[in-house]
Amino acid sequence: MTASPMMQSVAVIPAPGPDVSRQAMELPAGLTVGEIVALALPGLPVTARERARVWLVSNEGETLLPDPALWGRIRPVPGVRVMIRLVPGKDTLRNVLLIAVSVAALAIGQVWVGPAIAGLTGSALLGQIGAGVAAAGLTVAGSLLVNSLIPPSTPRVAGTELQAETPLYQISGWQNQMTPDGVVPSILGKVRVAPVFAAPSYTEIVGDDQYIRALFTFGYGEVELSEMKIKDTTVDNFDEIEMEIRNGLESDDPVTLYPAQVIEDSLGAELRRDRDRDDAGNVTGTGDLTPVARFTAADSTEANLIFQFPGGLIKYDGSGNAKTASVTVRVRQRLEGEGDWDDVTTLTFSAKKREGFFRQYRWTLPSRGRYEIELARTTDENLDANTSDRISWLALQSFRPEYPLNFGQPLSLVAIRVKATYQLNSSLDTFNAIAERIIPDWDHEAEEWVSRATRNPAAHFRHILQGTENTWPEPDSALDLETLQEWHDFCRLKGLNYDRNRSFEASTWDALAEIAGAGRASPRYDGTKWSVVIDRPQELVVAHVNSRNSRDFAWSRNYIETPDAFRVSFLDETADYQQRERVVRWPGYTGDIDVTEELALPGKTDPDEIWIEARRRQYEVIYRPDTFTAVQDGAVRTATRGDFVKGSYEVLKSTMAALRVSAVRGQVITLDGWVEMEASETYAIRFMKQVGSGDEATFESVIRSVRTVEGTTDSLILSGSGDVPVSGDLVQFGVSGEESLDLVIAGVQAGEDMTNVLSMLAQAPEIDTLTDAEVPPKWNGRAGGDAAASISVPGIPTVSSIDTHFNGSTADGLTVLLVPGSGASAETFTLRHRIDGGSTWTSETVDAGSGAVVITGYVDGDTVEMQRKATSAESYASDWSASFTADVEENPEEAPLPISTGSVTAGTGEASFDLSTPNDGSIAETKLYYSASSDGSSATEIITFAAVANSNYSRTETVPAGAWYFFAQTLTAGGTPSSGFSLGSATIL
3 MTASPMMQSV
13 AVIPAPGPDV
23 SRQAMELPAG
33 LTVGEIVALA
43 LPGLPVTARE
53 RARVWLVSNE
63 GETLLPDPAL
73 WGRIRPVPGV
83 RVMIRLVPGK
93 DTLRNVLLIA
103 VSVAALAIGQ
113 VWVGPAIAGL
123 TGSALLGQIG
133 AGVAAAGLTV
143 AGSLLVNSLI
153 PPSTPRVAGT
163 ELQAETPLYQ
173 ISGWQNQMTP
183 DGVVPSILGK
193 VRVAPVFAAP
203 SYTEIVGDDQ
213 YIRALFTFGY
223 GEVELSEMKI
233 KDTTVDNFDE
243 IEMEIRNGLE
253 SDDPVTLYPA
263 QVIEDSLGAE
273 LRRDRDRDDA
283 GNVTGTGDLT
293 PVARFTAADS
303 TEANLIFQFP
313 GGLIKYDGSG
323 NAKTASVTVR
333 VRQRLEGEGD
343 WDDVTTLTFS
353 AKKREGFFRQ
363 YRWTLPSRGR
373 YEIELARTTD
383 ENLDANTSDR
393 ISWLALQSFR
403 PEYPLNFGQP
413 LSLVAIRVKA
423 TYQLNSSLDT
433 FNAIAERIIP
443 DWDHEAEEWV
453 SRATRNPAAH
463 FRHILQGTEN
473 TWPEPDSALD
483 LETLQEWHDF
493 CRLKGLNYDR
503 NRSFEASTWD
513 ALAEIAGAGR
523 ASPRYDGTKW
533 SVVIDRPQEL
543 VVAHVNSRNS
553 RDFAWSRNYI
563 ETPDAFRVSF
573 LDETADYQQR
583 ERVVRWPGYT
593 GDIDVTEELA
603 LPGKTDPDEI
613 WIEARRRQYE
623 VIYRPDTFTA
633 VQDGAVRTAT
643 RGDFVKGSYE
653 VLKSTMAALR
663 VSAVRGQVIT
673 LDGWVEMEAS
683 ETYAIRFMKQ
693 VGSGDEATFE
703 SVIRSVRTVE
713 GTTDSLILSG
723 SGDVPVSGDL
733 VQFGVSGEES
743 LDLVIAGVQA
753 GEDMTNVLSM
763 LAQAPEIDTL
773 TDAEVPPKWN
783 GRAGGDAAAS
793 ISVPGIPTVS
803 SIDTHFNGST
813 ADGLTVLLVP
823 GSGASAETFT
833 LRHRIDGGST
843 WTSETVDAGS
853 GAVVITGYVD
863 GDTVEMQRKA
873 TSAESYASDW
883 SASFTADVEE
893 NPEEAPLPIS
903 TGSVTAGTGE
913 ASFDLSTPND
923 GSIAETKLYY
933 SASSDGSSAT
943 EIITFAAVAN
953 SNYSRTETVP
963 AGAWYFFAQT
973 LTAGGTPSSG
983 FSLGSATIL
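Going letter by letter, the sequence shown gives residues 3 to 991 in this note's numbering.
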């Protein structure tokens with residue numbers, strides 16, 4: 003701003019805080035600096051004056067006035083800006099409170115906006131703050147990384163680890179994978195898993211049948227398996243399936259269905275011996291052998307050949323009779339690197355089969371090694387079109403006698419031998435099962451750790467540290483088991499689970515952090531024991547942190563544009579662990595969801611828990627927008643990460659003060675500084691009291707009321723009874739209930755010269771209160787959000803016809819036929835009815851597919867009042883229709899046929915109608931009417947005119963302005979109407 007010649011420009015931050023911004027004002031020229039400070043900061047306590055910093059800024063530069071005693075002697079000349087700023091704690095120039103916003107590391111904010119603002123204001127600090135404002139487009143997830151006691155997990159980025167994590171379920175279904183030298187899976191909790199191959203699957207031929215043998219591993223044991231499937235079909239539905247299950251115990255026997263190492267090389271090479279032909283294609287003689295050679299695996303002891311006859315093996319004589327056909331194949335071998343071939347055998351295959359089939363031949367090799375195997379068809383090419391004898395070398399299998407697994411820890415295994423049929427092709431790569439890990443779990447009733455299936459994060463946390471996956475497992479003495487047991491109960495009561503197949507690389511700390519996060523906690527290691535910090539409201543105040551026992555206090559706030567919703571991808575346990583995504587709206591947002599942000603909640607499979615935990619993260623952003631930091635001197639500190647502390651800093655609230663007690667006389671305490679009280683307020687002090695002595699000494703936070711004495715004083719009179727601080731104690735003074743800030747220590751970092759840098763967040767008990775009150779909307783698993791987020795209400799059903807209902811020959815009620823109205827699909831129709839003028843309704847509900855509602859209990863001549871509505875499968879109901887009536891008639895006149903063709907054209911104050919009456923001699927009149935509803939309810943008659951059967955009519959009638967639905971119906975001479983026919987909708991001007 004530009005000061006006028008006779009006005010003084012002043013910029014002031016009177017009490018910096020999360021919701022206080024820089025203030026600018028103009029004062030008359032000629033005032034002293036002391037008078038300017040008094041006007042700019044009215045009511046500033048004497049003690050706070052020592053922490054006010056005043057600069058005189060002009061085009062010539064800037065001057066600091068550090069001594070308040072000089073303020074009354076200096077009168078700034080017009081055109082000089084007076085900058086006033088409060089600082090916390092011990093006063094060094096670098097203690098200036100840099101507040102207002104956090105500066106995002108974005109190029110536009112740091113490079114372009116900042117210097118431009120600095121140039122305009124003449125203040126580098128203003129430029130820094132301005133840059134923060136311009137770059138305040140931080141994501142919510144980024145905010146949580148800074149402003150959360152438990153930072154959220156971040157999705158893994160492909161290429162950032164040796165083995166990336168991938169979803170277990172894809173659109174094509176469950177897929178088993180070969181992962182040579184990959185990570186051995188570690189299943190925690192309960193999840194459906196497509197296990198990896200523990201060894202390659204291979205084919206076995208028995209007679210004409212093909213079998214597949216496979217060996218899978220679910221990772222480290224012990225694992226309990228259930229609901230085993232091949233793709234989506236349970237294994238019980240397959241023919242001739244054998245299974246061996248090993249849960250992963252030290253006592254497990256080796257599997258017998260896959261006892262040795264088998265390496266299968268798929269070939270698919272056709273064995274041929276083509277005849278010699280001339281250029282014209284004429285056969286000139288027997289062709290040469292055309293051998294095909296392949297190598298076995300190294301160190302093999304046996305080899306197995308698998309042959310396929312894709313078109314069968316058969317021939318037909320001249321009369322069409324099937325005959326046996328034969329093919330011979332020569333088999334030779336030689337050790338790798340040797341020159342001469344050794345004959346193994348000549349195989350003759352004979353069959354009379356039209357369908358394709360397999361054959362195999364297995365033999366023992368002369369010695370262990372890698373052999374070259376050569377096959378050659380010796381049967382000449384058959385020239386007879388009535389013979390099918392094609393043969394292919396389908397696979398070469400190499401056998402080693404050793405057990406297929408060599409791993410130092412027991413693994414959960416499933417060996418399978420299954421017959422290949424129409425249910426299963428030649429590969430088995432879609433086997434999956436529900437897997438549950440058996441590990442030590444805290445039993446709160448027996449008060450002991452027991453081995454059982456569990457989903458509790460506390461049990462998984464302990465297992466990561468002590469389980470078989472850990473190369474250097476921790477002893478019980480290195481775990482804070484008491485805290486883990488308490489955390490286990492917390493997770494149990496809050497319904498917090500962790501369910502995941504950890505088949506990817508991660509450090510022990512990353513695994514602990516992810517599991518702890520699933521239980522609203524974070525890992526902590528104090529050098530002797532592993533424990534957790536639980537993010538929950540606390541009552542025990544561990545320490546006080548204030549401007550007298552800390553310095554360099556600062557706070558920052560992330561200004562973010564919140565999205566409309568979070569998107570959370572997860573394996574849905576209510577949908578057999580298929581990949582799903584839940585959209586969680588931002589609290590209070592009800593509009594269309596256009597802007598979303600991805601939130602990772604690893605280990606969560608319950609859609610309701612997904613909603614609650616995502617909503618909790620949103621509450622953290624709302625109620626923990628600020629981060630506070632301070633430096634404490636000394637290597638020893640009382641509070642550590644996760645502890646509840648009471649903070650007091652005058653720069654956040656001018657009524658706060660942290661002072662030391664210099665003397666105590668009964669209920670009167672004297673302080674080493676001054677405080678100011680107003681008559682209209684009540685005040686209190688808070689101090690730490692030692693309980694016990696020596697190694698058993700503890701401290702508790704004590705609060706005492708103070709008698710209000712208006713004005714400035716250094717002595718306080720305590721009200722009521724209770725503990726009294728002793729000389730030397732630090733007390734935090736302020737308005738009752740506002741003498742301290744409720745903070746939780748989010749982190750502690752070692753600083754220079756034996757200092758500690760504390761990072762603190764608001765304790766914010768509102769987060770837990772609101773989270774506990776959350777009721778997740780109904781989840782249906784469909785794309786497009788939650789069932790309650792997009793409500794589709796069916797329209798009011800339309801009456802198709804009403805007829806008298808007879809019990810025998812006696813009229814006793816009505817039959818009402820209803821058809822769907824506009825809107826969503828209806829599952830049921832409800833009709834409520836009563837005698838016209840009655841007070842009590844009776845309701846009947848029928849399936850919407852039927853639509854026929856029968857109401858009884860009436861007699862001939864009764865007029866029945868009715869209303870109708872529709873209800874969807876999701877229990878969303880339309881409004882009740884307007885009342886309509888019908889008479890119960892013993893001898894009713896039959897309704898005429900309805901109009902079936904017609905239209906309406908809108909005009910100004912009128913509408914034109916074209917319609918045709920059907921061929922029904924009972925028609926005497928036609929009625930035109932309009933309604934604001936598409937079902938014709940609450941209709942207004944336009945005109946009823948004389949009409950006859952099988953005739954065309956064109957009319958123009960006066961209609962009020964508006965958007966209307968138009969209808970027509972025929973009537974008999976006695977006034978019996980047909981059902982209404984919709985002529986369409988039109989807007990009358």
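Where a beta carbon is used, it is the ideal one built from N, C-alpha and C, also for glycine.
Proximity of residue i and residue j at Cβ, strictly below 8 Å
i	j	result
residue 329	residue 276	no
residue 681	residue 710	yes
residue 336	residue 363	no
residue 396	residue 333	no
residue 265	residue 202	yes
residue 888	residue 855	no
residue 764	residue 415	no
residue 298	residue 430	no
residue 417	residue 246	yes
residue 835	residue 842	no
Whole-number beta carbon distance between residue j and residue i, since they are thought to touch under 8 Å
i	j	result
residue 884	residue 871	No, residue 884 and residue 871 are not in contact; Cβ-Cβ is about 11 Å, not under 8 Å.
residue 228	residue 435	7 Å
residue 1044	residue 609	Within the shown structure, residues of the chain are numbered from 3 to 991, placing residue 1044 beyond reach of any answer.
residue 583	residue 607	Wrong, their Cβ atoms sit about 13 Å apart, outside the cutoff.
For residue i: DSSP bridge partner residues
i	result
residue 967	933, 987
residue 807	815
residue 825	796
residue 455	440
As assigned by DSSP and simplified to three states, the class of residue i
i	result
residue 495	helix
residue 486	helix
residue 185	coil
residue 130	With a pLDDT of 28 at residue 130, under the threshold of 50, the modelled position of this residue cannot be trusted; read the value that follows with caution. Note: residue 130 maps to helix in three-state DSSP.
residue 711	coil
residue 167	Note that residue 167 has pLDDT 40, beneath the 50 cutoff, so the model's placement of it is unreliable and the number below is only indicative. Reduced to three states, the DSSP call for residue 167 is coil.
residue 977	coil
residue 474	coil
residue 576	helix
residue 51	helix
residue 924	coil
residue 229	strand
residue 319	coil
residue 71	helix
Span of the alpha helix (DSSP H), counted from its first residue to its last, around residue i
i	result
residue 617	609 to 625
residue 39	35 to 42
residue 770	768 to 774
residue 519	510 to 520
Boundaries of the beta strand (DSSP E) in which residue i is found, first to last residue
i	result
residue 468	Where residue 468 is concerned, there is no enclosing beta strand (DSSP E), although the alpha helix (DSSP H) it sits in stretches over 459 to 468.
residue 557	553 to 559
residue 854	854 to 858
residue 540	First-last for residue 540: undefined, no H or E at that position.
residue 758	757 to 764
residue 247	243 to 248
residue 781	That residue, residue 781, is in no beta strand (DSSP E); it is neither H nor E in DSSP.
residue 205	198 to 208
residue 600	598 to 600
residue 192	192 to 195
residue 332	327 to 337
residue 648	646 to 650
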